[in-house]
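Residue numbers (my numbering): -2 to 87.
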């Protein structure tokens, strides 16, 4: 269970099972993120805020802080989200 956290409080001497632990999210709701969009050889980035928590490879909604637009993207590291093609309004 290294690198995981408990999903609830356990009393002393309780046995941990896989159902009692989870991998902590890589990005938490409200965290600042960099939004990256790639089309062909053009890459654009913008500042954003995560609107949900998630782990590596998960798709979460993020708000572009410049335009206030909500887009959906895949978490690729602890502070970067890659916008999906057609990732608006999903």
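From the three backbone atoms N, C-alpha and C, an ideal C-beta is built for every residue, glycine too.
In this text the structure is predicted, and so the values were computed from the model without any measurement.
- Separation of residue 12 and residue 39 (C-alpha to C-alpha, rounded to the nearest whole angstrom) is 52 Å.
- Judged by DSSP secondary structure, residue 44 falls within the beta strand (DSSP E) whose first and last residues are 39 to 47.
- Sixteen is the threshold: since fewer than 16 other Cβ atoms of the shown chains lie within 10 Å of the Cβ of residue 6, the residue is exposed.
- Residue environment: residue 35 is assigned as exposed (fewer than 16 neighbouring CB atoms within 10 Å of its CB, all protein chains considered).
- Here the alpha carbons of residue 8 and residue 44 stand approximately 42 Å from one another.
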